[in-house]
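Numbering (my numbering), first residue to last: 468 to 818.
Where a beta carbon is used, it is the ideal one built from N, C-alpha and C, also for glycine.
Shown next, in structure tokens, is the structure this report addresses.
So this is what it looks like as structure tokens:
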């Protein structure tokens, strides 16, 4: 039966639920702002993203709204409107830069329509180190845009993402964050198993300095961390560390092809090689033939391709690579791992 008292209780109930929802939303926004301001990146990068989220970045769209006379075309692709979300995420140049970065597409690309929602969703979904990479790559894209606008300096997307990663590494090194911050849990430095029914393949190269000999290590594990396969291969006629790391990536890709593995995530601690493999451009460097051959093989394997990790999370492949330096050819293991990597496998699954 309807009474004024019952109506009052309904109104109070609705007000309380709305208040809780509003409070919850405010807490989420505050938490995301906190994640951004606490991100381990240079202050200028945080300020840049504050301008993006606040809608005051000097894109052509924002300047046009202030009645500044100019064309609104994108500096990179000539698209009709240079908005923040376009220049930083949706522009073909930006897409190539993101794909060349160490972040997989599922980590940086979401369907958010506003810069604020885009950045905050990434803040919620990415680890601290991944989010720092995200912030650096977006800032580097804007820097490349300004270089083109003011100095007519053209950049390639893969150069932009590599520059961002190197700048972040330098910043962490100078601020002693590589070790101390990880011990505080802000940067995770342990191997992570893949999600779902995915395989993860880690690769690494070990070079005997002063010689032309190198070793390659590859390990395959499933989503539970269980050892699936591994190999150690000794190589000759090796003349540089990048060449060896490129050959390690190719060896891991060939193993996946030969075993018929699909839905695979590859990991390497060689940033230069990961960047080259994720690049949309043809690699014309000395190691280009190996890189391009590996990229061709990767098109036949489903999954995220190669991603960059820290050396401390690549312990099993690292040990296999250095073991390979002491053998005469190539050794393969399936299902049962060799004894000399059992301790590292255990540490990876129980850290």
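- Task: With DSSP as the reference, label residue 698 as helix, strand or coil.
- Result: Translated into positions along the chain shown, residue 698 becomes position 231. The answer is strand: DSSP assigns residue 698 an E or B state.
- Measuring CA to CA, which of 574, 584, 710, 701 is closest to residue 604? Counting from 1 along the chain shown, the entry for residue 604 is found at position 137. Minimum Cα distance to residue 604 is reached at 574.
- Query: In the region 513-587, which residue ranges form an unbroken alpha helix (DSSP H) of at least 4 residues, counting only runs that do not cross its ends?
  - Reply: 527-532, 559-567, 572-575
- Item | residue 762 - DSSP class collapsed to helix/strand/coil | For the purposes of this step, residue 762 is identified with residue 295 of the chain shown, where counting begins at 1. DSSP places residue 762 in helix when its eight states are reduced to three.
- Query: Excluding five sequence neighbours on each side, which residues of the same chain lie with their C-beta closer than 7 Å to the C-beta of residue 505?
  - Reply: On the chain shown, position 38 is the one that residue 505 refers to. Correct list: empty, nothing qualifies.
- Proximity to residue 712 [Cα-Cα], best of 728, 500, 523, 781: By 1-based counting over the chain shown, the position of residue 712 is 245. The shortest C-alpha separation from residue 712 is found at 781.
- For the candidate residues 613, 640, 628, whose alpha-carbon lies nearest to that of residue 738? In the chain shown, the residue the question calls residue 738 occupies position 271. The candidate whose alpha carbon is nearest that of residue 738 is 628.
- Query: Hey, is the region 732-751 in contact with the region 573-588, meaning 3+ C-beta pairs nearer than 8 Å?
  - Reply: no
- Report the partner residues of residue 671 according to the DSSP bridge assignment. Within the chain shown, residue 671 is the residue found at index 204, counting from 1. DSSP output for residue 671 lists 684 as bridge partner(s).
- Query: If you follow the beta strand (DSSP E) that residue 774 is part of, which residue opens it and which one closes it?
  - Reply: Counted from its first residue, the chain shown places residue 774 at position 307. Run containing residue 774: 770-775, per the beta strand (DSSP E) assignment.
- Task: Decide if residue 807 is buried, meaning its Cβ has at least 16 other Cβ atoms within 10 Å, or exposed.
- Result: Taking the chain shown and counting its residues from 1, one reaches residue 807 at position 340. Exposed, since its Cβ has fewer than 16 Cβ neighbours within 10 Å.
- Query: Nearest CA to the CA of residue 728: which residue from 752, 688, 700?
  - Reply: Indexing the chain shown from 1 puts residue 728 at position 261. Residue 688 is the option with its Cα nearest to residue 728.
- Message: With the cut-off set at 9 Å, would you say residue 790 and residue 699 are in Cβ contact?
- Response: Position 323 of the chain shown, counted from the first residue, corresponds to residue 790. Position 232 of the chain shown, counted from the first residue, corresponds to residue 699. Yes, these two residues count as a Cβ contact at 9 Å.
- Message: Between which two residues does the beta strand (DSSP E) holding residue 746 run?
- Response: Position 279 of the chain shown holds residue 746. Residue 746 -> no beta strand (DSSP E), and no H or E assigned at all.
- C-alpha gap between residue 685 and residue 514, whole angstroms: Walking along the chain shown from the start, residue 685 turns up at place 218. Walking along the chain shown from the start, residue 514 turns up at place 47. So the two alpha carbons sit approximately 41 Å from each other.
- Excluding the five sequence neighbours on either side, which residues of its own chain have a C-beta within less than 8 Å of the C-beta of residue 695, listed in chain order? Locating residue 695 in the chain shown gives position 228, where the first residue counts as 1. Here the set comprises 666, 687, 688, 689, 801, 802.
- Task: Assign residue 710 to one of two classes, buried (16 or more other C-beta atoms within 10 Å of its C-beta) or exposed (fewer than that).
- Result: For the purposes of this step, residue 710 is taken as the residue at position 243 of the chain shown. By the 10 Å Cβ count, residue 710 comes out buried.
- Message: Only counting the same chain, and skipping five residues up and downstream in sequence, which positions put a Cβ closer than 6 Å to that of residue 616?
- Response: Here residue 616 corresponds to residue number 149 of the chain shown, with the count starting at 1. For residue 616, where only same-chain residues beyond five positions count, the Cβ hits under 6 Å are 542.
- Message: Considering only the alpha carbon of each residue, which of 683, 796, 767 lies closest to residue 783?
- Response: As a first step, residue 783 must be located in the chain shown, where it is residue number 316. Comparing Cα positions, the closest option is 683.
- Message: Would residue 744 and residue 772 be called neighbours here (beta carbons separated by less than 9 Å)?
- Response: Here the question's residue 744 lines up with position 277 in the chain shown. Here the question's residue 772 lines up with position 305 in the chain shown. It is a contact, given that the beta carbons lie within the stated cut-off.
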